[in-house]
Amino acid sequence: MESLNVLIKEVEKLLEEVQLPDCIFEDFIDRFDEMFVKYIEIRQLIQIQKRILKTF
Numbered sequence: 476m477e478s479l480n481v482l483i484k485e486v487e488k489l490l491e492e493v494q495l496p497d498c499i500f501e502d503f504i505d506r507f508d509e510m511f512v513k514y515i516e517i518r519q520l521i522q523i524q525k526r527i528l529k530t531f
């Protein structure tokens, strides 16, 4: 979680340098959140698969 905060701060710094509108940053964060949630879901599915395979 700490690395996520560091990443967000780095992106904020970069956006300040190029002076992009805030809406672009908000869109990026929304998409990043969605991707992160999908990543967690996939990891959970992989763990479930591993448990199932161990039982057989």
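According to the numbering used here, the residues represented by the sequence shown are 476 to 531, in order.
Glycine included, C-beta positions come from ideal geometry on N, C-alpha and C.
Rounded C-alpha distance that separates residue i from residue j
i	j	result
residue 516	residue 510	10 Å
residue 490	residue 499	9 Å
residue 524	residue 493	44 Å
residue 502	residue 508	10 Å
residue 530	residue 484	44 Å
residue 520	residue 514	10 Å
residue 506	residue 518	18 Å
Neighbourhood of residue i by C-beta, 8 Å cutoff - its chain only, sequence neighbours within 5 removed
i	result
residue 487	500
residue 504	483
Contact set for residue i: own chain, Cβ-Cβ below 7 Å, skip 5 residues either direction
i	result
residue 527	none
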